[in-house]
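Heads up, the sequence shown is in my numbering, so the first residue is 120 and it goes up one at a time. Note that the Cβ used here is the ideal one computed from N, Cα and C, for glycine as well.
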Amino acid sequence: MSDRVRVLLLIKGLGLGGAERLLERAIPYFDRRRFDYCLAYLLPWKNALVPVFEAAGIPVFCLDMRSVVDVGVLGRLTRLLRDEGIDLVHAHLPLPGVLARLAKRRGATRWVVYTEHSLPSRHRLATRCLNLATYGLNDAVIAVSDVVAREAARWLGGRSDRLTTVPNAVDVEAVNLSANRRDAVCREFGFPVGALIVVHVGNLRQAKGHRHLLAAARRVVAREDRARFLLVGTGPLAVPLVEDARRLGLDGRVVFTGFRTDATALIGAADLFVLPSLHEGLPISLLEAMALGRPVVAFRVGGVPEVAVDGETGVLVPPGDVDALAEGILELLADPDRRERMGRAARARVHQGYGMAEMVATVEGVYRKVIGLHG
120 MSDRVRVLLL
130 IKGLGLGGAE
140 RLLERAIPYF
150 DRRRFDYCLA
160 YLLPWKNALV
170 PVFEAAGIPV
180 FCLDMRSVVD
190 VGVLGRLTRL
200 LRDEGIDLVH
210 AHLPLPGVLA
220 RLAKRRGATR
230 WVVYTEHSLP
240 SRHRLATRCL
250 NLATYGLNDA
260 VIAVSDVVAR
270 EAARWLGGRS
280 DRLTTVPNAV
290 DVEAVNLSAN
300 RRDAVCREFG
310 FPVGALIVVH
320 VGNLRQAKGH
330 RHLLAAARRV
340 VAREDRARFL
350 LVGTGPLAVP
360 LVEDARRLGL
370 DGRVVFTGFR
380 TDATALIGAA
390 DLFVLPSLHE
400 GLPISLLEAM
410 ALGRPVVAFR
420 VGGVPEVAVD
430 GETGVLVPPG
440 DVDALAEGIL
450 ELLADPDRRE
460 RMGRAARARV
470 HQGYGMAEMV
480 ATVEGVYRKV
490 IGLHG
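Shown next, in the form of C-alpha cells:
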C-alpha cells in the first residue's frame, strides 16, 4: 500500500440533505497527506453538490442506479473499487452501507466504515433485513448520537470495539458569518415590521413532522398576531403541505420558501428555530440554528436532547404533542430576554463540542484504527 490510504466516500445521492451537506462541509478539514479521497453516489438525478466536490479536487463517480431493483449497481461498485484501488469505503446511509459490505465480501476493498445517521429500527422492513444480514461485515460503525449508538450496538451483536459515537458537526466559524438579514427577510416575504419569525429547515417528508408544525402554527397565530413561520426545504410533501396550510387559514402567516442556498441566513434572521421531527439521529439544521444563537423548540426525539437542553438552550416537548409545541413557541415569542439567554447558551454549547474540524479528525482516527495505522 502507498503512504496515502485511498478512501471512497459512498452515499446515496449528492442532493441537499443533511448527510450530503455534512460531507460537503467536511472537505476543508480532510487530511489529504494521509488519505486520498474520492466519492461515489448512487442516484444520478441527485447531483447538486457534484461541482463542489470536483472543485475541491475530489474525484466523483456516479453509479447510475435507476431503481431500487437495479441489481447491476453492486457490480458497478465492485469494478469501481478495483479500478480505483480503493482501500477503505466509508458508506453513509443504509443502502450504500449494504452495497459496500457486499463489495467487501467480493474482495473489492479491504475495509468498510459505516456511519449510522438514524435509528436502525426506523428503516423500512426490507432495509432492516438487508442491514441485519450484512451489518457484521462493518469494520467500524460511526453513530451520530448516543441513542443511535445504543441501537447500532445491538445490530453489531455487542461488538462495542467496532462502534464509535461521533456527533454530527457544523463549521461554526462559517455559520457565524451568516449575516442577520432580518429587515431584508421581512421585506422579501411581506412580513410586517415587528414580526416574530419562526424558522424550520428540513426536507418536506413525513418524518419531519410538518403537519404537526402547521397545526401548532394555527394555534400560535391565533394568540400572537405578529407570529410568522418560514418553512425552508423541498420534498415529496411540498404540494399537500401548502394545501394544508391554506385549509388551516395560514396564508401569509406560513411561507414555504422551497430550497434556499441562504438557509442559515434565514435562521439568523429569525427569533427562534422549531424542529417538529418525529424521529432524528442528530439533525444538522439543529446544530446550525444553535451555532447562530437561536433558541430551539423541538420534539424530544432521537439525538435532539443530547444537544438541545430543555430550559437552557430551548424548549423540548413530547413527540407529536401539538399543543405543547405551540405553547413552547408562544412562551419564547413572549419573552425576548429568555430567547436571548437561551440563544447565548445554545451558541456556547455547539462551539464547545460540535465543531467540524474535531468531527473530521475523530472520523479519520476511526480510519487509522481500522487500518492499524498509528501516529
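Quick one: using the 10 Å Cβ neighbour count with 16 as the cut-off for buried, is residue i buried or exposed?
i: phenylalanine 149; result: buried
i: glycine 494; result: Interpretation of glycine 494 is limited by its pLDDT of 47, a score under 50 that renders its predicted location unreliable; the figure taken from the coordinates is listed afterwards. Classification of glycine 494: exposed, given that the 10 Å Cβ count is below 16.
i: methionine 475; result: buried
i: arginine 269; result: exposed
i: aspartate 183; result: exposed
i: aspartate 390; result: buried
i: glutamate 483; result: buried
i: alanine 303; result: exposed
i: leucine 244; result: exposed
i: threonine 253; result: buried
i: methionine 120; result: Only weak support exists for where methionine 120 lies, its pLDDT of 45 falling under 50; the value from the coordinates is given anyway. It is exposed - the Cβ of methionine 120 has fewer than 16 other Cβ atoms within 10 Å.
i: valine 190; result: exposed
i: tryptophan 164; result: exposed
i: aspartate 290; result: buried
i: alanine 271; result: buried
i: serine 404; result: buried
i: glycine 421; result: buried
i: serine 264; result: buried
i: alanine 219; result: buried
i: glycine 387; result: buried
i: alanine 480; result: exposed
i: methionine 485; result: According to the sequence as given, residue 485 is valine; it is not methionine. Under this definition valine 485 is a buried residue.
i: glutamate 294; result: Sequence inspection shows valine at residue 294; the glutamate mentioned does not correspond to that position. Buried.
i: glycine 491; result: exposed
i: glycine 462; result: buried
i: proline 239; result: buried
i: arginine 152; result: exposed
i: valine 217; result: buried
Give me the Cβ distance between residue i and residue j, rounded to the nearest whole Å; I'm assuming they're in contact under 8 angstroms.
i: leucine 397; j: aspartate 363; result: Rounded, the Cβ-Cβ distance is 16 angstroms, inconsistent with contact.
i: valine 441; j: alanine 427; result: Going by Cβ atoms, the distance from valine 441 to alanine 427 rounds to 19 angstroms, so no, they are not a contact pair.
i: aspartate 202; j: tryptophan 230; result: The Cβ separation is near 18 angstroms, so there is no contact.
i: glutamate 407; j: threonine 383; result: 5 angstroms
i: glycine 123; j: phenylalanine 154; result: According to the sequence displayed, residue 123 carries arginine and not glycine. So it is a contact: roughly 6 angstroms between Cβ atoms.
i: cysteine 181; j: tyrosine 160; result: 6 angstroms
i: threonine 228; j: leucine 200; result: 5 angstroms
i: leucine 323; j: leucine 360; result: 6 angstroms
i: histidine 209; j: leucine 129; result: 7 angstroms
i: arginine 457; j: leucine 435; result: Contact flag wrong, Cβ pair sits at about 15 angstroms.
i: alanine 335; j: arginine 372; result: Not really, about 12 angstroms apart at Cβ, beyond 8 angstroms.
i: alanine 174; j: glutamate 477; result: The pair is not a contact, with the Cβ atoms about 25 angstroms apart (cut-off 8 angstroms).
Is the CB-CB distance between residue i and residue j below 9 angstroms?
i: glycine 132; j: leucine 162; result: yes
i: phenylalanine 392; j: leucine 135; result: no
i: proline 213; j: asparagine 250; result: yes
i: glycine 126; j: aspartate 206; result: It should be pointed out that residue 126 corresponds to valine in this sequence rather than to glycine. Yes, the Cβ-Cβ distance between valine 126 and aspartate 206 is below 9 angstroms.
i: leucine 168; j: leucine 221; result: no
i: valine 374; j: arginine 347; result: yes
i: methionine 409; j: arginine 466; result: yes
i: leucine 444; j: proline 402; result: no
i: arginine 413; j: valine 266; result: no
i: alanine 453; j: glycine 433; result: no
i: proline 286; j: glutamate 143; result: no
i: histidine 236; j: alanine 138; result: yes
i: threonine 380; j: leucine 350; result: no
i: arginine 345; j: alanine 314; result: yes
i: valine 469; j: valine 232; result: no
i: leucine 385; j: valine 340; result: no
i: histidine 331; j: glycine 447; result: no
i: leucine 449; j: arginine 338; result: yes
Checking the sheet assignment: what are the DSSP bridge partners for residue i?
i: phenylalanine 154; result: Val124
i: alanine 346; result: Leu315
i: valine 289; result: Gly474
i: isoleucine 130; result: Tyr160
i: phenylalanine 308; result: None, per the DSSP bridge assignment.
i: phenylalanine 149; result: None, per the DSSP bridge assignment.
i: threonine 284; result: Ala262
- prompt: In the segment 415-467, which residue ranges form an unbroken alpha helix (DSSP H) of at least 4 residues, counting only runs that do not cross its ends?
  reply: DSSP runs (the alpha helix (DSSP H)) wholly in the segment 415-467: 423-426 and 441-452.
Length-filtered (3 minimum) beta strand (DSSP E) runs lying within the segment 195-226: Fully contained in the segment 195-226 are the following beta strand (DSSP E) runs of length 3 or more, in chain order: 207-211.
query: In chain order, which continuous runs of the alpha helix (DSSP H) of length 4 or greater are located wholly inside the segment 219-269?
result: Within the segment 219-269, the runs of alpha helix (DSSP H) at least 4 residues long that lie entirely inside it are, in chain order, 244-253.
- prompt: Which ranges would you report for the alpha helix (DSSP H) in the segment 358-404 if only whole runs of at least 4 residues count?
  reply: Fully enclosed alpha helix (DSSP H) runs of no fewer than 4 residues occupy 382-387 of the segment 358-404, in order along the chain.
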